[in-house]
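Numbering (the numbering used here), first residue to last: 5 to 160.
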C-alpha cells in the first residue's frame, strides 16, 4: 500500500498538516509509573509494628540511613525491624544482619504498657551481647504527665 503526496494535496485542511497540540499521554504514563514506584517503596521505608511510644521533650537526634530497630510489643514479644525473634536469639539475630557491627546504634522502641523491668531485661541482653550504643525511641512532644500538670490550675 503506497501513498503519494502531490504539492496540490498539501493545503491547510489536509490530514498531513502540522498539529500544534501537546501530546500528554507519555507524560501521564511517566507520572503513573512514578506513583506506583512511590506507593510500593513508601511502606518499605517504615517500621509498621503497632507500638504506643511515650513522649519526650528531648532534642531530636539525627538518625542514620539504615537504622536498626529493636521493638518490645505490649505482649512483651521482641522484634528486630518487623521480624519477630525470641529474646535468647536477639543478639544472634543482630549479629547475623548484613551490616553487623557492635559499634552501630541500636534503636530500642518499647510500648508504653511494657513494664520497666522488661525493658531493662532487653537492655541487659543487648549489653551482654556487646551492643553498647543503644538509643531509646520516644515520640516528640510534651509528656502526658507534664501536660496534665500544666493544664491544672495551681492551688494557693
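We treat Cβ as the ideally placed atom computed from N, Cα and C, and that holds for glycine. For clarity, every value in this text was computed on a predicted model and none was experimentally measured.
Residues that residue i bridges to, as DSSP identifies them
i           : result
residue 113 : 75
residue 84  : 74 and 87
residue 139 : 111
residue 59  : 143
Residue nearest to residue i in terms of C-alpha spacing, selected from the options
i           : options             : result
residue 122 : 141, 132 and 91     : 91
residue 58  : 24, 20, 125 and 118 : 118
residue 126 : 81, 85 and 99       : 81
residue 78  : 24, 30, 114 and 21  : 114
residue 95  : 120, 43 and 128     : 128
residue 141 : 135, 133, 87 and 66 : 66
Straight-line Cα distance separating residue j from residue i
i           : j           : result
residue 104 : residue 116 : 29 Å
residue 180 : residue 144 : Residue 180 lies beyond the stretch modelled for the chain, which goes from 5 to 160, so this question has no answer here.
residue 40  : residue 48  : 13 Å
residue 112 : residue 37  : 36 Å
residue 124 : residue 93  : 17 Å
residue 138 : residue 46  : 26 Å
residue 100 : residue 63  : 32 Å
residue 85  : residue 32  : 36 Å
residue 89  : residue 76  : 10 Å
residue 29  : residue 44  : 23 Å
For residue i, the three-state DSSP class (helix, strand or coil)
i           : result
residue 25  : coil
residue 30  : helix
residue 153 : Low per-residue confidence applies at residue 153: pLDDT is 48, beneath 50, and the placement is therefore not dependable, though the value from the model is reported in the following sentence. Residue state, collapsed to three classes: helix.
residue 119 : coil
residue 47  : helix
residue 104 : coil
residue 20  : coil
residue 69  : coil
residue 158 : The predicted model places residue 158 with a pLDDT of 43, which falls under 50 and marks its position as unreliable; any figure quoted below should be read in that light. DSSP places residue 158 in coil when its eight states are reduced to three.
residue 13  : Legend: pLDDT at residue 13 = 49, less than 50; position of this residue unreliable, value from coordinates given subsequently. If DSSP states are grouped into helix, strand and coil, residue 13 belongs with the helices.
Residue i Cβ short of 7 Å to the ligand ZN heavy atom set
i          : result
residue 56 : The ligand ZN is not part of this structure, which contains no ligands at all.
Between the stretch 100 to 109 and the stretch 61 to 80, are three or more C-beta pairs nearer than 8 Å? Judged by Cβ distances under 8 Å, the stretch 100 to 109 makes contact with the stretch 61 to 80, as three or more pairs qualify.
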